[in-house]
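Chemist: Going down the list, the sequences are from chains B and G. FYI, the numbering for the first sequence is 0 to 339, going by numbering that gives the first Met the number 0. FYI, the numbering for the second sequence is 0 to 294, going by numbering that gives the first Met the number 0. Glycine included, every Cβ here is placed at the ideal spot set by N, Cα and C. This structure is a prediction, so every number in the text was calculated from the model and none was measured. Handing you a structure now.
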Amino acid sequence: MAEKFASTVDRFGLDWHYIIIQVVSFLIVMAVLYKFGIKPTISTMEERATKIGAGLKYAEEMQAKLAADEAALVAATTAPERLALARSIATQRDTLAQLRASNYSRPWTLPDQIGRSLRCMFTGFVLASFIAIPLGLLCGLSPVVMSALTPLISLFKPVSPIVWLPIIFIIVGGFIPDPSNSAILNFFNGIPLLGDIGVNPAFLASAVTVALCSLWPTLVNTALGVAAVDKDHMNVAKVLRLGVATRLFRIIIPSALPLIFAGLRISLGVGWMVLIAAELLSSSEGIGKFVWDMFNNGSSQTFAQMFVVVFVVGVIGLALDRIMIVFQRLVSFDGAPTSL
Amino acid sequence: MAYLELKNVSLGHGPEGHRTEVLRDVNLAVEENEFVAIIGFSGSGKSTLINLMAGLALPDSGEVTIHGKRVTGPGPDKGIVFQNYSLLPWLTVFGNIELAVARVFPEMSKTDRREHVMHYIKMVGLGHAVDRRPAALSGGMRQRVSLARTLSIKPDVLLLDEPLSALDALTRANLQDEILRIWEQDKKTVVLITNDVDEAVLLADRIIPLTVGPAATLADSIAVDIPRPRNRTELNHLPAFRELKTHTTQLLLSFKKDQLSSAKAIPPAPAIVPADFTLGRPVPGKRRAPAEAAA
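Structure (structure tokens):
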């Protein structure tokens with residue numbers, strides 16, 4: 000039992016020396032963060048919460064007053080009285096409607112924005128993988144396709160996400176002329192994890208930008224992995240007369256999996272970086288927008304809040320990278336270390 | 000009609016006009032269930048010869064026939080054991096052999112297939128390492144798995160492409176005995192490519208030397224008439240063994256000498272003295288004296 004645990008720990012490459020040092024350095028960073036970042040942010044958020052609470056109380060008072068006025072209207076006898084009461088009821092109803100709406104248009108909290116950012120990034124990442132891996136397979140298998148696509152890849156790879164974003168906005172806007180009833184938005188809202196945060200065209204534009212910028216590492220690494228399959232393995236396939244599908248799924252893809260996962264790991268890192276930049280410019284709610292809002296806010300805690308975001312982004316990027324390393328280790332077959 | 004025949008087979012590579020001939024007019028006739036060893040120097044075209052026999056390469060001229068039928072491509076009837084083992088590193092020992100068996104005997108049921116694979120794993124002595132990946136095996140064990148894989152598909156001809164070259168001497172001796180034992184139990188037509196004369200004399204019925212490339216060809220075969228079953232320790236006492244060894248080694252070395260003597264003589268270098276480009280007068284500016292610069 001203990002051996003199994005020890006071998007599992009070994010498999011995942013955990014070494015208690017490293018873990019202790021990492022925990023200690025993490026605690027130091029958290030202490031610094033707490034003093035300079037978290038406390039001011041929490042006080043700001045508490046202020047906001049009290050403001051909202053006050054707003055809700057006001058709404059309740061308005062509702063009570065409206066009920067009283069309606070009762071009075073029924074009891075009123077003269078016409079001018081009725082007119083005055085009717086007007087006040089109408090304005091009170093309007094105010095109430097506004098207050099109700101403003102309940103939902105409260106600015107998002109940081110954890111909600113982190114969740115939204117992560118979902119946006121994963122949408123883009125999954126999109127990128129669906130395009131890059133088959134295309135990479137094709138490139139690796141056929142030198143003709145590879146030489147045909149290489150100039151296109153080299154052309155589009157260096158384009159910055161900040162340049163892609165406005166273009167994608169226009170394109171996505173063209174496909175979704177009416178956000179309130181669009182087949183594409185309905186499809187995305189139908190996906191369980193995405194539906195509960197509400198997909199809008201800005202979200203899609205950010206996701207597509209992430210996809211466009213992060214698909215290149217996966218594409219190149221997949222092509223390389225497939226093209227570099229050992230000639231000996233292909234000789235075995237020839238001698239055994241394996242069919243095309245068997246060759247692809249039982250020899251070529253398993254042989255290329257370590258490189259494919261290396262590409263996916265790089266893509267994930269790139270995607271996360273691109274997403275924050277894209278959100279800064281787009282109006283999709285997320286960590287990037289939080290930074291932009293704080294910048295425009297100009298309050299005394301703005302700088303601290305922006306730095307909190309820096310560390311949050313870094314911590315999430317670290318966590319994502321470590322998760323990908325675990326996956327990479329699972330598919331590598333020669334036990335070579337992929338990273339510290 | 001021999002079981003495996005090569006008739007005037009030639010193979011070269013390179014574009015027209017600059018063609019390097021690797022093999023020229025190779026003739027070989029291997030009878031059924033005969034063990035033939037082909038010996039040659041490195042780079043003389045041994046692997047090319049085996050690839051021709053296996054169908055992984057096609058000859059420029061001449062033909063390769065097995066049982067009268069021309070060889071047009073690779074297949075499981077020509078089992079080849081590669082020099083570099085060619086094991087799939089993401090599959091276990093069992094998985095590697097099962098892949099081959101499942102492809103060649105698709106009608107076998109799962110239990111039959113498992114028995115078949117385990118039979119061959121035990122035959123090469125790897126019963127304790129069934130679920131290990133190749134990365135966890137030594138060189139000798141990997142070559143055993145490769146051998147087991149080739150034997151399990153029951154080929155008509157067994158082609159061994161320098162199977163023991165990449166191993167140390169002790170493992171080599173071990174595996175030579177294994178191959179001998181396996182062949183004695185279940186005789187097949189075997190062509191062994193090797194560069195070790197001892198190995199060839201121990202294992203084979205006939206030794207055929209390959210001359211040195213380019214344009215290598217097979218010399219006359221030397222019969223090994225040492226009685227079977229052969230025992231490594233007794234072999235050293237037989238005078239026939241020593242004679243064969245000496246004769247074969249001298250023959251091979253003579254090929255090398257022929258090649259060296261037939262190489263064109265190097266023309267004498269012309270007597271040129273390099274021109275003197277130094278100026279006669281001193282050049283202005285900072286310059287170290289030549290003696291200092293050399294230090």
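Following the continuous beta strand (DSSP E) through G/THR193, name the residue where it begins and the one where it ends.
Modeler: 188-193
Chemist: Three Cβ pairs or more, each shorter than 8 angstroms: is that satisfied between the segment 235-245 of chain B and the segment 254-266 of chain B?
Modeler: no
Chemist: Taking the runs of the alpha helix (DSSP H) that are 4 residues or longer, which of them lie wholly in the segment 281-318 of chain B?
Modeler: As far as the segment 281-318 of chain B is concerned, its whole alpha helix (DSSP H) runs of at least 4 residues are 286-296.
Chemist: Please classify B/ALA340: is it buried, with 16 or more other beta-carbons within 10 angstroms of its beta-carbon, or exposed?
Modeler: Outside the displayed span of chain B (0 to 339) sits residue 340 of chain B, for which this structure offers no information.
Chemist: Report the neighbours of G/ARG141 on chain B: residues whose CB is nearer than 7 angstroms to its CB, in chain order.
Modeler: None at all; the shortest Cβ gap to chain B is about 12 angstroms.
Chemist: Could you check what DSSP says for G/GLU233 in three-state terms: helix, strand or coil?
Modeler: helix
Chemist: Buried or exposed, going by whether 16 or more other CB atoms sit within 10 Å of the CB of B/GLN112?
Modeler: buried
Chemist: For B/LYS237, go through chain G and note every residue whose CB falls closer than 7 angstroms to its CB, in chain order.
Modeler: LEU55 and PRO73
Chemist: Near B/ALA389, which residues of its chain fall below 6 angstroms by C-beta distance, leaving aside the five closest residues on each side in sequence?
Modeler: Chain B is shown from 0 up to 339; residue 389 of chain B falls before or after that span and cannot be answered.
Chemist: Name the residues in the segment 96-108 of chain G whose C-beta lies less than 9 angstroms from a C-beta of chain B; which are they?
Modeler: LEU98, ALA99, ARG102 and VAL103
Chemist: So that I know if they touch, is there some Cβ in chain B lying closer than 8 angstroms to that of G/PHE93?
Modeler: no
Chemist: How about G/LEU87: is its C-beta nearer than 8 angstroms to some C-beta of chain B?
Modeler: yes
Chemist: Closest by CA to G/GLY54, which one among G/GLN82, G/SER85 and G/GLY72?
Modeler: G/GLY72
Chemist: I need the DSSP call for B/ARG115, collapsed to helix, strand or coil.
Modeler: In the structure shown, B/ARG115 adopts helical secondary structure according to DSSP, grouped into three states.
Chemist: Assuming B/ARG81 and B/ALA75 make a contact with CB atoms under 8 angstroms, what is their CB distance in whole Å?
Modeler: 5 angstroms
Chemist: Taking 8 angstroms as the threshold (beta carbon to beta carbon), is B/ASN220 in contact with chain G?
Modeler: no
Chemist: For B/GLY316, which option in B/LEU274, B/PHE248, B/GLY189 and B/ASN295 has the closest C-alpha, if you only look at C-alpha atoms?
Modeler: B/LEU274
Chemist: Go to B/SER179, then tell me how far its beta strand (DSSP E) extends in each direction, as first and last residue.
Modeler: Premise fails: B/SER179 is in no beta strand (DSSP E) and is neither H nor E.
Chemist: Please name the residue or residues paired with G/ARG34 in a DSSP beta bridge.
Modeler: Arg is not the amino acid found at residue 34 of chain G; the sequence shown has Phe there. Beta bridge pairing from DSSP links G/PHE34 with G/VAL189.
Chemist: How about G/ARG229 and G/LEU179: are their beta carbons less than 8 angstroms apart?
Modeler: Taking 8 angstroms as the Cβ cut-off, G/ARG229 and G/LEU179 qualify as a contacting pair.
Chemist: Out of G/VAL223, G/PRO162 and G/ARG132, which has the shortest C-alpha to C-alpha gap to G/PRO238?
Modeler: G/VAL223
Chemist: Ordered along the chain, which non-local residues of its own chain (more than five positions away) have a Cβ less than 6 angstroms from that of B/PHE187?
Modeler: LEU193 and VAL198
Chemist: If you compare alpha carbons, which of G/SER151, G/THR248, G/ARG69 and G/ARG231 is closest to G/GLU4?
Modeler: G/ARG69
Chemist: So, helix, strand or coil for G/ARG205, using DSSP?
Modeler: strand
Chemist: Using the Cα positions of G/LEU10 and G/GLY44, report the straight-line distance between them to the nearest angstrom.
Modeler: 10 angstroms
Chemist: According to the neighbour-count rule (16 or more other Cβ atoms, all chains shown, within 10 Å of its Cβ), is B/LYS3 buried or exposed?
Modeler: exposed
Chemist: Locate the beta strand (DSSP E) running through G/HIS12, then write down its first and last residues.
Modeler: 3-12
Chemist: Kindly indicate the opening and closing residues of the alpha helix (DSSP H) around B/LYS237.
Modeler: 230-238
Chemist: Please tell me whether G/ILE38 and G/ALA199 are closer than 8 angstroms, where the distance is taken between their beta carbons.
Modeler: yes
Chemist: I want to verify the contact list: residues of chain G whose CB lies under 9 angstroms from the CB of B/ARG240, in sequence order.
Modeler: GLY72, PRO73, GLY74, PRO75, ARG102 and VAL103
Chemist: At what residues does the alpha helix (DSSP H) containing G/GLY74 begin and finish?
Modeler: Run containing G/GLY74: none; DSSP gives neither H nor E here.
Chemist: When we look at the beta-carbon of B/GLN304 and count the other beta-carbons within 10 Å, is it buried (16 or more) or exposed?
Modeler: buried
Chemist: Does the segment 131-147 of chain B come close enough to the segment 216-227 of chain B that 3 or more CB-CB pairs lie under 8 angstroms?
Modeler: Under the Cβ criterion (8 angstroms, minimum of three pairs), the segment 216-227 of chain B counts as touching the segment 131-147 of chain B.
Chemist: Looking at C-alpha atoms only, which residue of G/PHE40, G/SER145, G/THR216 and G/PRO266 is the closest neighbour of G/PRO157?
Modeler: Position check: residue 157 of chain G holds Leu in this sequence, whereas Pro was assumed. Ranking G/PHE40, G/SER145, G/THR216 and G/PRO266 by Cα distance to G/LEU157 puts G/SER145 first.
Chemist: Consult DSSP for G/LEU179 and reduce its assignment to one of helix, strand or coil.
Modeler: helix
Chemist: Would you say the segment 161-178 of chain G touches the segment 323-330 of chain B, given that touching needs at least three Cβ pairs under 8 angstroms?
Modeler: no
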